[in-house]
Amino acid sequence: MAKERAAATAGNFVQELAQTGRYKRSQGRTARQATMLALWALVGVAAWQLFDVFRNQGQDRWIQVGVPAALLIVGFWVAYRMINWPVFADFLIAVEAEMNKVSWPSRAELIRASAVVILFVFALAAVLFAYDVFWQFVLKRWIDILRYAFN
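Going by the UniProt record's numbering, the residue at position 31 of the sequence shown is 31; the numbering climbs one at a time, nothing skipped.
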């Protein structure tokens with residue numbers, strides 16, 4: 001039964017959009033909520049950008065607000081249904097189960113590792129800055145020498 005329900009087809013997802021129930025609602029809760037919030041943020045940014053485009057084009061006010069609002073509503077619903085689509089929901093449930101199996105570092109170890117990475121990034125930035133200054137100096141001198149040599 002679960003395999004029949006979890007068949008991943010576009011038609012199955014379109015049918016899923018018309019349903020209101022939640023699939024395995026107590027499992028994979030954190031991964032599903034984080035995924036839904038990320039999808040909602042993506043839809044929100046897309047609607048805001050569309051509103052901005054319509055406003056800059058001088059469209060009628062009802063188009064400026066109506067089309068992005070419709071996109072927002074439809075996008076929120078699609079995101080909500082997507083995390084309850086059996087194929088996607090089972091994947092997120094498995095992801096959360098694997099995340100729970102991982103041994104995470106202690107706070108002190110995390111701080112030390114982060115400090116090493118941050119210091120290394122700043123050291124590389126300083127080296128790249130030094131290379132940039134060196135080559136600017138060399139090439140400006142070289143161009144000045146070539147300018148005087150051929151004039």
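Glycine residues also receive a C-beta, built at the ideal position from the N, C-alpha and C atoms. Predicted model, so just to flag it, every value in this text is computed and none were measured.
Ala113 and Val43 have their C-alpha atoms spaced approximately 35 Å apart. Between the stretch 101-118 and the stretch 50-57 there are fewer than three inter-stretch CB-CB distances shorter than 8 Å, so the stretches are not counted as touching. When secondary structure is reduced to three states using DSSP, Ile118 falls in the helix class. Collapsing the DSSP output to three states places Gly28 in coil.
Burial check for Phe88: the Cβ neighbour count within 10 Å reaches 16 or more, so the residue is buried. Here the alpha carbons of Pro68 and Ser103 stand approximately 43 Å from one another. Setting aside the 5 residues that flank it on each side, Phe13 is surrounded in the same chain by Trp85, each with a C-beta closer than 7 Å to its C-beta; the list follows chain order.
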